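The block underneath contains the structure these notes are about, expressed in structure tokens.
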Amino acid sequence: MMHQQLTSKQVESLPANLSSPQSKLVYLYLEVTGETTLDELAGALSMQKIDVLSVVRSLADDDLIECDGTHYQCCT
Numbered sequence: 056m057m058h059q060q061l062t063s064k065q066v067e068s069l070p071a072n073l074s075s076p077q078s079k080l081v082y083l084y085l086e087v088t089g090e091t092t093l094d095e096l097a098g099a100l101s102m103q104k105i106d107v108l109s110v111v112r113s114l115a116d117d118d119l120i121e122c123d124g125t126h127y128q129c130c131t
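Numbering-wise (our numbering), the sequence shown opens with residue 56 and increments by one.
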């Protein structure tokens, strides 16, 4: 498993429409790391892959993140 190198990037605020703890966690992780795969997200956040998939689909539907096919990142 490949591990992302975490930086000391400071996130000013989270989008107001993030309601679940899981969506906040996934969004914050993507904001800090830049981009990552579904497997890396699940491993880094100690979440089941099916749960992460549900969260990233919801975040993508809300236009908060995007996927290039294998990697997820926050929309700029």
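All C-beta atoms, glycine included, are put in the ideal place defined by N, C-alpha and C. Every value quoted in this text rests on a predicted model; they were computed, and no experiment measured them.
| Asked | Found |
| --- | --- |
| 8 Å Cβ cutoff met for Val81 and Leu114 | yes |
| Same chain, Cβ closer than 8 Å to Val111, five either side skipped, listed in chain order | Val81, Leu93, Leu96, Ile120, Cys122, Tyr127 |
| Cβ distance (whole Å) where Tyr84 is taken to contact Leu69 below 8 Å | Wrong, their Cβ atoms sit about 12 Å apart, outside the cutoff. |
| Reduced DSSP category for Thr125 - H, G, I as helix; E, B as strand; rest coil | coil |
| Near the ligand SAM: Glu121 beta-carbon under 7 Å from a heavy atom | By its list of ligands, the structure shown contains no ligand whatsoever, and the ligand SAM lies outside what it can speak to. |
| Cα-Cα separation, Val107 to Glu67 | 23 Å |
| Contacting residues, own chain, Cβ-Cβ under 7 Å from Glu90 (five flanking each side not counted) | His126, Tyr127, Gln128 |
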